[in-house]
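Below: the structure, in C-alpha cells.
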Ligand SMILES: Nc1ncnc2c1ncn2[C@@H]1O[C@H](COP(=O)(O)OP(=O)(O)O)[C@@H](O)[C@H]1O
Ligand SMILES: [Mg+2]
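Residue numbers (full-length UniProt numbering), protein chains in the order written: chain A, 1 to 292; chain B, 1 to 284.
And the structure:
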C-alpha cells in the first residue's frame, strides 16, 4: 500500500524541472533589465561628458558661454555643505542612538520614538526642505546660507545615521558589556572604551552612506532657495553658496545642446564622489565585520 | 579519590564545628562576622512576578571556595549576580532583605556599585574577552580605575597573567588580539582580567562549562592556587567539580537554599532527601 505513486511522480518531474528553468530565466531577465538600463545611462553620460572634464572645468565658475563654464563654485559649495553637515549630523545622531540604546528607560514611549525614527527615514526630502525653510531660513533668520542648508540636510539624514548606529551598538554582545560593568567601570567608561570602539565601523558606514545621500539631494536646496549661479565661494557658514546638484539642475534646463554635455560632465564628477564614498563605506564594513 | 582529598582538607578546617542543622549553623556564623565575606540575610528577589530567590540565608567564608549547585533555573546565576549587584541590570528586578559584604550592606547608599564591583570580581560562563589585545584586556580594569603609568600597567598585566597561570603561554604575544586564543586560554585571560583589579572576592558563574576537559582541569587547579589569596564563590552544574574543588556547598532548588554545609557532608551524608537525590544524580 503505497501513498506515493512513483509513476505519477516521474511523469510530473519533467514539468517541475521545466518550471524551475523558466523561473530562473525570468529572474535573470529582471536583473538584466536593471543592469542594462543603468549601464546605458552611465555609458551615455561618459561619452557625452568626458570631453569637458578638463582642468578648466574644475577651476572656472559657471558661465553662460559653454567653453568657459566650470564647477568651481558648485564643488567648493558642496564641500562647505558637507563639512558643515557632517559634524552636526554625527553629533546629533550618534548621541541620539547612544541615548536610545544605552540610557533610555525601557517603556512604551521610548519604543514609540524608536519606531518613528525609522519612519522618519522615509519622509520625502521636499518635506525636509519645507521644514528647513520655515525653521532655519525664516524663523532663525539664517537665510539661504551654508548653515541653514547644513541644518536641513542634517535633519534629513539624521534618521539614517541613528538607525545604523543603533544597529551597530546593539550588535556589541551583552557579554563584553557585562565584563566591563562587572569590573567597576561606569556606564560612560564602558561606552567610550568598549561599545564605541566595537561599533564604530558600523556607525561610520552609516554616516558615509547618509552623507552620500545628502551630497546628491537637490529638492531641499531648491526649496530653501540656494542660488544656482554664483560667481564667488563662501568664506563662512553664514554665506550663501551653490552646490553640485543645483548646478546640474540649472544647466540641464538650458536650451544650448553643449550644456547637455557639460551637465553630463558635472554628473560624472558627482557620480565619482558618490562612488568613492560608497567604496570607503564598503571597505570599512568588510574590513571590520565579523568581529564577534 | 579526589573527594577523599577534599575531605581531608575540610576536616582540617577547624573554623566550622559540626552544626546540627544548617539554620543554627548560620546563626553561629553570623555571630562570628569576622570570618564571613558575604552574608545573605532573608534575601528575596523577583523578576517581575517570578519569585526567583526566596528567603536566602547564607554565609560565605574568607579564603574558601564556596560552591553553589542545583538544577538549571533554580536561581544560581541570579544569586551570584546579586552579590555584585549585576542582577540589577535587568530592569524588572526587585529585591528584599539584605546582603552584607564585610560588615556593610551592599545596598548601603554610602558606597557605590562601582566600588563594590572593584572588590568583587566576576568571571562569566562564556569566556568574554574584549575585542582588544591580550595586554589591553588585562590592563582594562587598572586603566578604568585611573592607572596610566606604563610601568605599573606592565607589572599589573604580568602579575595577573602569572596569577591566572597563562603567562608562559602568552608572554610573547601580548599585543595579539585575545580572540585568537583557544576557549580555555580566553577564560584564563578573563580570570587574569578579574585578578588585575586586585579583588577581594571572585565570583564565577559556571566558568568551565564552555571548556574542554583539559582546560577545565587547568582552571580548577588555578582555583586551588587562588584560594590562598582570594575568596571564591563558584556556581557549577557539575557536581564532581563542586566535590573536587569546594570547601562548602550550597544546594539550591527552585529558588530556595535546601542545604548548605561542608562539601563532604553535602556529598556523603546530606540531611535533605532532595539534596541526596540531586547529588546522587537521580534528578537534575
Ligand atoms: N533576565 C531575566 N529576566 C527574567 N527572568 C529571569 C532572568 N534571568 C533569569 N530569570 C529567571 O530566574 C530563574 C532563575 O534563573 P537563573 O538564575 O538563570 O538559574 P540558574 O543559573 O540556576 O540556571 C528562572 O526561572 C529564570 O527564568
Ligand atoms: Mg546559570
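Ideal placement from N, C-alpha and C gives every residue a C-beta, glycine not left out.
As the structure is a prediction and not an experimental result, all values here were calculated from the model.
I'd like to confirm something about residue 146(A): is its beta-carbon nearer than 7 Å to some heavy atom of ligand 1, or not?
Residue 146(A) has its Cβ no nearer than 7 Å to any heavy atom of ligand 1.
Taking a cut of 8 Å between CB atoms, which residues from the region 79-96 of chain B lie near chain A?
Only those residues of the region 79-96 of chain B whose C-beta falls short of 8 Å from the nearest C-beta of chain A are listed: 84, 86, 89 and 91.
By the three-class DSSP mapping on this structure, what secondary structure does residue 269(B) have?
Secondary structure at residue 269(B): coil, using DSSP grouped into helix, strand and coil.
Could you tell me which uninterrupted beta strand (DSSP E) segments, each at least 3 residues in length, are contained entirely in the region 113-190 of chain B, listed from first to last along the chain?
Segments of the beta strand (DSSP E) lying fully in the region 113-190 of chain B: 120-123.
Cβ distance (whole Å) where residue 250(B) is taken to contact residue 83(B) below 8 Å
Residue 250(B) to residue 83(B), Cβ: 12 Å. No contact.
Under 8 Å between C-beta atoms, does residue 201(B) make it to chain D?
In summary, chain D is missing from the structure at hand, where the protein chains are A and B.
Where in the region 180-263 of chain B do unbroken runs of the beta strand (DSSP E), each at least 3 residues long, occur, reported from the N-terminal end onward?
Along the length of the region 180-263 of chain B, whole beta strand (DSSP E) runs at least 3 residues long occupy 201-205, 231-235, 248-253 and 256-262, reported in chain order.
Inter-stretch contact at 8 Å, needing at least 3 Cβ pairs: the region 45-60 of chain B / the region 101-118 of chain B:
Because the criterion of three Cβ pairs below 8 Å is not met, the region 45-60 of chain B and the region 101-118 of chain B do not touch.
Taking a Cβ distance cut-off of 8 Å, strictly less, list which residues of the region 3-26 of chain A are near chain B, in chain order.
Listed in sequence order: no entries.
Could you tell me if residue 187(B) is buried or exposed, where buried requires 16 or more neighbouring beta carbons within 10 angstroms of its beta carbon?
When all chains shown are included, residue 187(B) counts as buried.
Using the three-state DSSP reduction, which class does residue 217(A) fall into: helix, strand or coil?
Three-state DSSP puts residue 217(A) in coil, outside helix and strand.
Nearest residue (CA-CA) to residue 194(A), options 210(A), 171(A) and 208(A)
When each option's Cα is compared against that of residue 194(A), the closest is 171(A).
Would you report the Cα separation of residue 144(A) and residue 196(B), rounded to the nearest angstrom?
If you draw a straight line from the Cα of residue 144(A) to the Cα of residue 196(B), it is about 57 Å long.
Taking contact to mean 3 or more Cβ pairs, one atom from each stretch, closer than 8 Å, check whether the region 200-211 of chain B and the region 113-122 of chain B are in contact.
Yes, the region 200-211 of chain B touches the region 113-122 of chain B.
Name the chain A residues that come within less than 8 Å of residue 114(B), Cβ to Cβ?
Within chain A, the residues near residue 114(B) are 184, 185 and 186.
Under the three-state reduction of DSSP, which class applies to residue 242(A): helix, strand or coil?
The answer is coil: DSSP assigns residue 242(A) none of H, G, I, E or B.
Residue 128(A) by DSSP, collapsed to three states: which one?
If DSSP states are grouped into helix, strand and coil, residue 128(A) belongs with the helices.
So with Cβ pairs under 8 Å, would you call residue 293(A) a contact of chain B?
Only positions 1 to 292 of chain A appear in this structure, which leaves residue 293(A) out of reach.
On a CA-only basis, which of 128(A), 184(A), 236(A) and 50(A) is nearest residue 79(A)? Give me that one, please.
Per the Cα distances, 236(A).
Where are the alpha helix (DSSP H) runs, 4 residues long or more, that stay fully inside the region 137-172 of chain A, in chain order?
For the region 137-172 of chain A, whole alpha helix (DSSP H) runs of length 4 or above, ordered along the chain, are 146-170.
Inter-residue spacing [alpha-carbon to alpha-carbon] between residue 157(B) and residue 62(B):
The alpha-carbon atoms of residue 157(B) and residue 62(B) are separated by roughly 25 Å.
From this set, 39(B), 51(B) and 68(B), which residue's C-alpha is nearest residue 262(B)'s C-alpha?
Closest option to residue 262(B), Cα to Cα, is 68(B).
Residue 61(A) - DSSP class collapsed to helix/strand/coil:
The answer is coil: DSSP assigns residue 61(A) none of H, G, I, E or B.
Just checking, does the region 132-149 of chain A make contact with the region 210-228 of chain A on the three C-beta pairs under 8 Å criterion?
Touching, yes, given that three or more Cβ pairs across the two stretches are closer than 8 Å.
Can you give me the C-alpha to C-alpha distance between residue 179(B) and residue 132(B), rounded to a whole angstrom?
So the alpha carbons of these two residues sit roughly 8 Å apart.
State yes or no: is the C-beta of residue 81(B) nearer than 7 Å to some heavy atom of ligand 2?
False, no ligand heavy atom lies under 7 Å from that Cβ.
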